[in-house]
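Below is one structure, written out as structure tokens, with a few remarks after it.
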DNA sequence: GGATAAGAGGAACTACCACTCCGATTCTAC
DNA sequence: GTAGAATCGGAGTGGTAGTTCCTCTTATCC
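Protein chains in written order, with our numbering: chain A, 306 to 511; chain B, 306 to 511.
The following block contains the structure:
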């Protein structure tokens, strides 16, 4: 009945997880990332477990629900995306930064079904984990957007939500309609043209 | 054993359906249109039957599968859409016609989940019924597009599939991201700007 | 090496849903 | 009014998928 290594009773884990447990957790995450990335939340959980080479019981030991596993995978992806934004926002070209950011988002999202679904669900029933990553993403995009609007090179009535909608849309559309990367690029190009502030067209003042 | 009203044995229905049968068919279609329009194919069939005030057995007497019922509903919607395109394509303004067409599509699709799903599935597992209606829609949009491209007022590299992708996407995006009609209109406006041929901007030659 | 608790695994449970079956009901023709 | 076919209705079936439970296994610590 006595705790061998008395600690705070509310939170701290008693001891580090066993080696096999850590290994399995990684395997599950990897399998889930691949499965969700391809087919989204529609993947049966049993299949993820099988791909990871563990039983479902083991999977549920590590992640309490399917949604929790999904959130873990997507959280990583969105986090990576937010980080990648740093690179494209570096230069002086405010308009180019926005366009590059949109293309980056589109390319990532079109390749990962789970990302697409997560962004679609943004605002409804997201776990804190994903919400955090999304907030970081929003701050990043919003910064680029404000700078470009202030410079007068992007329409002033455009918000992060609009950009998200356009990107989700482009990806969903391109995915359903087929045509691969080529179509994505064309659609992205159309959207970017549409985002230019009036008078800053391709042949306008550079 | 003898047929009272001998007719062709291969096809023609022996007699007109009973009055209650016709009534139920209409009720089912109406309930399905409402349910599918709101929640898409995800609606349980039992719920449609309940809303229609009939048993599931009755529903299945009239429509052999859920998909058949869905196709019946969507076929009507797409047909109406194709017809409505006639109105906007009437005038002389080729560019305006394309833009009006896109707005029309977007507004309809954003309000009807089943339409959105049907367009997303366009090309995969559509019933002949829906495929026909879609083909008519495609002809209509394509005509507008060609005319506008020929007149040099819309980018030359844009296809029906692109427009469909953009519209599906805009609707999916706007729906998920929230913001209602206002956002849809803004996104449509961005897309239309992006579709203009270079040099035909708002302040370019009218 | 042995004690022990953490962890593994998968059968079983539960919920949901499309679809079927067949006795009960109701319309139609005469 | 009556016969009988057409139609109705909803309990039941089969299958899928998320989650739980409990027994067996194994890593860790002494």
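Backbone N, C-alpha and C define an ideal beta-carbon position, used for all residues, glycine too.
Here the C-alpha atom of residue 484/A lies approximately 18 angstroms from the C-alpha atom of residue 409/A. As a beta-bridge residue in DSSP terms, residue 501/A pairs with 459/A.
Listed along chain A, no residue sits closer than 7 angstroms to residue 418/B by beta-carbon distance, the nearest being about 13 angstroms off. Counting only residues of its own chain and dropping the five nearest sequence neighbours on each side, residue 379/A has a CB closer than 6 angstroms to the CB of 419, 423 and 435. Each residue's CA atom was taken as its position, placing residue 359/A and residue 362/B some 43 angstroms apart. For residue 356/B, the uninterrupted alpha helix (DSSP H) segment begins and ends at 350 to 357. Contact between residue 383/B and residue 439/B holds, since their C-beta atoms are separated by about 6 angstroms, short of 8 angstroms. With contacts defined as CB atoms closer than 9 angstroms, residue 482/A and residue 467/B qualify as a contacting pair. Between residue 453/B and chain A, the shortest Cβ-Cβ separation is not below 9 angstroms. Assigned with DSSP and collapsed to three states, residue 432/A falls in coil, not helix or strand. Secondary structure note for residue 477/A: its alpha helix (DSSP H) is the uninterrupted segment 465 to 482. Here DSSP, grouped into helix, strand and coil, assigns residue 448/A to helix. 9 angstroms or more divides the Cβ of residue 414/A from the Cβ of residue 486/A. For the region 471 to 482 of chain B, the residues whose beta carbon sits under 9 angstroms from a beta carbon of chain A are, in order, 471, 472, 473, 474, 475, 476, 477, 478, 479, 480, 481 and 482. Within a 10 Å sphere around the beta-carbon of residue 370/A sit fewer than 16 other beta-carbons, which makes this residue exposed.
If you compare the alpha carbons of 447/B, 503/B, 417/B and 502/B with that of residue 391/B, the shortest gap goes to 447/B.
Residue 352/B sits exposed, since fewer than 16 C-beta atoms from the chains shown fall within 10 Å of its C-beta.
In this structure, residue 471/B lies near residue 478/A, with their beta-carbon atoms less than 9 angstroms apart. Taken atom to atom, the span from the alpha-carbon of residue 445/B to that of residue 321/B is near 36 angstroms.
Inclusion of residue 463/A and residue 421/A in the CB contact set at 9 angstroms is not warranted, their separation being larger than that value. Contacts with chain B (Cβ-Cβ distance below 7 angstroms) from the region 344 to 375 of chain A involve no residue at all. Residue 371/A: member of the alpha helix (DSSP H) spanning 371 to 393, first to last residue. Linking residue 334/B to residue 474/A through their CA atoms gives a straight-line distance of about 30 angstroms. Under the Cβ distance rule, residue 463/A counts among the residues neighbouring chain B, one pair being separated by less than 9 angstroms.
C-alpha of residue 480/B to C-alpha of residue 350/B: approximately 24 angstroms in a straight line.
In this chain, the alpha helix (DSSP H) harbouring residue 334/B covers 324 to 344.
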